[in-house]
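**Q**
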Amino acid sequence: MYLTDVLNISEFVKLLLDKNKDLLKVPDEYEWTAFHYVAYNNLHTIVDDLVGEDKFVAYLPDKKDKRTTLHVAACKGNICVMKKLVEYFPDCWEIVDGKGQNILHIAVEQDQKEVIRYILSEGCKANNNLLIQSEGFKLIRIATLGENRR
């Protein structure tokens, strides 16, 4: 039996952080932190706990693609995590990954239609330059035509 069988994942993370807060900052072999895994697995209920410990970890890019947690959430279609992240990090809309792509590029590339809608409605309110920086109108055309590759 594993500890995670008894506790839900949120309780498990809280328990780990209570024992060693530095675990939040320690990346794994791929340079992913706890925030990256939260974004990947849509664990939006844990974001508040992690931000309370060290919010700057959310800005750390991974080793391979240089993606932040918001990039990972956009790639996986995890809007609940995205909403939490931009609530705490309103300046993260325009951060680009190692290929120079922001979250709109990634959402179009991964054919994440709900994420695209969210970015176009909320992201453009928060950052008027988001469409310009991401060649937004070209990306909108690609997304609406169903072409998921540029």
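Read in order, the letters of the sequence shown correspond to residues 1 to 150 in the UniProt record's numbering.
Every residue, glycine too, gets a C-beta built ideally from N, C-alpha and C.
All values derive from a computational prediction rather than experimental measurement.
(1) Measure from the alpha carbon of residue 151 to the alpha carbon of each residue in 42, 104, 108, 34, then state which is nearest.
(2) In chain order, what residues of the same chain lie with their CB nearer than 6 Å to the CB of residue 65, ignoring the 5 residues before and after it?
(3) Determine the burial state of residue 48: buried for a count of at least 16 other Cβ atoms within 10 Å of its Cβ, exposed for fewer.
(4) Could you tell me the alpha carbon to alpha carbon distance between residue 75 and residue 60, rounded to whole angstroms?
(5) Tell me the DSSP secondary structure of residue 126 in three-state form.
(6) Count the other CB atoms, across all protein chains shown, that sit within 10 Å of the CB of residue 23; report buried if there are 16 or more and exposed otherwise.
(7) Taking the continuous alpha helix (DSSP H) assigned at residue 69, which residues delimit it?
(8) If we count the other Cβ atoms within 10 Å of its Cβ and call it buried at 16 or more, is residue 62 buried or exposed?
(9) Taking the Cβ atom as the reference point for each residue, do residue 8 and residue 39 lie within a distance shorter than 8 Å?
(10) Please check the pair residue 36 and residue 84, which I expect to be a contact at CB under 8 Å, by giving their CB distance rounded to whole angstroms.
(11) Which two residues bound the contiguous alpha helix (DSSP H) that contains residue 44?
(12) Under the rule that 16 or more other beta-carbon atoms within 10 Å means buried, what is residue 86, buried or exposed?
(13) Could you tell me if residue 30 is buried or exposed, where buried requires 16 or more neighbouring beta carbons within 10 angstroms of its beta carbon?
**A** On the basis of the coordinates in this document:
(1) Outside the shown range of the chain (1 to 150) lies residue 151, about which nothing can therefore be said.
(2) For the purposes of this step, residue 65 is taken as the residue at position 65 of the sequence shown. Around residue 65: 97, 98.
(3) As a working note, residue 48 is residue 48 in the sequence shown. It counts as exposed.
(4) In the sequence shown, residue 75 corresponds to position 75, counting from 1. In the sequence shown, residue 60 corresponds to position 60, counting from 1. Across the structure, residue 75 and residue 60 are spaced so that their CA atoms are roughly 16 Å apart.
(5) The residue you call residue 126 lines up with position 126 of the sequence shown. Low confidence applies to residue 126: its pLDDT is 48, below 50, so where it sits in the model is not reliable, and the reading given next is rough at best. If DSSP states are grouped into helix, strand and coil, residue 126 belongs with the helices.
(6) To locate residue 23, count along the sequence shown from 1; it is residue 23. Exposed, by the Cβ-count rule.
(7) Position 69 of the sequence shown, counting from 1, holds the residue named residue 69. From DSSP, the alpha helix (DSSP H) with residue 69 extends over 69 to 76.
(8) If you number the sequence shown from 1, residue 62 lands on position 62. Residue 62 comes out buried.
(9) Numbered from 1 along the sequence shown, position 8 holds the residue referred to as residue 8. Numbered from 1 along the sequence shown, position 39 holds the residue referred to as residue 39. No, these two residues do not count as a Cβ contact at 8 Å.
(10) For the purposes of this step, residue 36 is taken as the residue at position 36 of the sequence shown. For the purposes of this step, residue 84 is taken as the residue at position 84 of the sequence shown. No, residue 36 and residue 84 are not in contact; Cβ-Cβ is about 14 Å, not under 8 Å.
(11) Looking up residue 44 in the sequence shown gives position 44. It is not in any alpha helix (DSSP H) - residue 44 carries neither H nor E in the DSSP assignment.
(12) Position 86 of the sequence shown, counted from the start, is the residue given in the question as residue 86. The residue in question, residue 86, is buried, as its Cβ has 16 or more Cβ neighbours within 10 Å.
(13) Sequence index remark: in the sequence shown, residue 30 carries index 30 (1-based). By the neighbour-count rule (16 or more Cβ atoms within 10 Å), residue 30 is not buried but exposed.
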